[in-house]
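Here is the structure we will look at.
Residue numbers (our numbering): 1116 to 1488.
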């Protein structure tokens, strides 16, 4: 298990149960937060039993938690477990991307410092009951609160989890949102059967079996399919990983851009149309992949500058930032713009670090309720 993290605040013992994928939990004891080792994905009974055993063992060594914290997602097994075991103890439900940003602050011992947190991942339940994942959040001196300052444009997620397993679905959704016809010269159109195309077209046109999704991870999936890299995945993140590898092979990037609107929405429509035109003109997929990475980094820097105000601290967190090419490009652009940039070093940027952020938010909430600043 990782070394304990000093939160710099002596709060009540909290058990934060983490997320659904790559689960870890976190138990606080005084100012220290103890993040568990890797538990796994909470989809099986065996994993849930392993989780319960590990929680029991750590709780015996440390103080019994008097407060619990869980993800806001109503369908997570971890939230259900926390609700069932809270009894008379307070349970804090914490938004997914907020927890990511606070985990980064906690890792760097900078809780309570205003920050613009760029939290990019595949899936997280939003405060509006849609799927978030392309989020730029503002946190003030009270790290247990946040505002959604900017975000990726939401497009329909056709078929829910089926769209995660089949990047061609997300590519078709982005093409649909950009008003681009599904012609057979496009790789994701060729990847789907006629019946699948009819089904997804019906879902999108009738708004049935879809949920709005602002996930940067899903945009990476869509671009991977559009460039012919990967249409169906065998493991989580496969399409984005292969897209990064392709981008690194490019001799030079294509010129692409994501529009950052005045309301803080990062809009890929112009980029999707330009990418289709470039493909039809014979542009190499590697150059377009590299150009896409550069366009995301440029949009991040532009959106952060738009919403930062007098805040000069920026954090990059969430599973998408396991992409080293994107991480470096974002950090470089932000530093050139005069921002101090925090990235993860000892706590995972993905959901393996989520519980630390949950625990820190819960401790800060408890201290505020007790009148301790």
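Quick reminder that beta carbons are idealized off the backbone N, C-alpha and C, glycines included.
| query | result |
| --- | --- |
| Between which residues of its own chain and residue 1340 is the CB-CB distance below 8 Å, once the five residues before and five after are set aside? | 1282, 1283, 1285, 1286, 1302, 1303, 1306, 1346, 1354 |
| Look at residue 1235 and residue 1468 and say whether their C-beta atoms are less than 9 Å apart. | no |
| How many Å lie between residue 1406 and residue 1436 at the Cα? | 17 Å |
| What did DSSP end up calling residue 1291 once you bin it into helix, strand or coil? | helix |
| Could you name the residues of the same chain whose beta carbon sits closer than 8 Å to that of residue 1200, not counting the 5 residues immediately before and after it, in chain order? | 1183 |
| Where does residue 1436 sit, in a helix, a strand or coil, going by DSSP? | helix |
| Give me the Cα-Cα distance between residue 1145 and residue 1126, rounded to the nearest whole angstrom. | 6 Å |
| Could you pull out every residue in the same chain whose Cβ sits closer than 6 Å to the Cβ of residue 1351, ignoring the five residues on either side in sequence? | none |
| Where residue 1371 and residue 1389 are concerned, what is the direct C-alpha to C-alpha distance, given to the nearest angstrom? | 7 Å |
| What residue from 1294, 1191, 1333 has the CA that sits closest to residue 1138's CA? | 1191 |
| Which residue from 1195, 1335, 1214 puts its Cα closest to that of residue 1409? | 1335 |
| Taking 9 Å as the cut-off, decide whether the C-beta atoms of residue 1325 and residue 1249 are in contact. | no |
| Quick check on DSSP: helix, strand or coil for residue 1266? | strand |
| For residue 1385 versus residue 1417, is the C-beta distance shorter than 9 Å? | no |
| How is residue 1340 classed by DSSP in three states: helix, strand or coil? | helix |
| Could you tell me whether the stretch 1204 to 1213 touches the stretch 1445 to 1464, where touching means 3 or more Cβ pairs closer than 8 Å? | no |
| For the 8 Å Cβ check, are there 3 or more pairs between the stretch 1215 to 1225 and the stretch 1159 to 1167? | no |
| Quick one: using the 10 Å Cβ neighbour count with 16 as the cut-off for buried, is residue 1271 buried or exposed? | buried |
| To the nearest angstrom, how far is it from the Cα of residue 1421 to the Cα of residue 1412? | 14 Å |
| Return the first residue and the last residue of the alpha helix (DSSP H) that residue 1248 is part of. | That residue, residue 1248, is in no alpha helix (DSSP H); its beta strand (DSSP E) goes 1246 to 1254. |
| What number of angstroms, rounded off, separates the C-alpha of residue 1120 from the C-alpha of residue 1211? | 20 Å |
| Alpha carbons only, please: which of 1308, 1233, 1387 is nearest the one belonging to residue 1291? | 1387 |
| To the nearest angstrom, how far is the alpha carbon of residue 1343 from that of residue 1400? | 8 Å |
| Kindly indicate which three-state DSSP category residue 1367 falls into: helix, strand or coil? | coil |
| Are the beta-carbon atoms of residue 1328 and residue 1245 separated by less than 9 Å? | yes |
| Quick one: grab the DSSP three-state call for residue 1317. | helix |
| Does the beta-carbon of residue 1262 have 16 or more other beta-carbons within 10 angstroms, so that it is buried, or is it exposed? | exposed |
| Using a 10 Å radius around the Cβ and a threshold of 16 neighbouring Cβ atoms, would you call residue 1194 buried or exposed? | buried |
| According to DSSP, is residue 1424 helix, strand or coil? | coil |
| Out of 1129, 1162, 1402, point me to the one whose CA is closest to residue 1362's CA. | 1402 |
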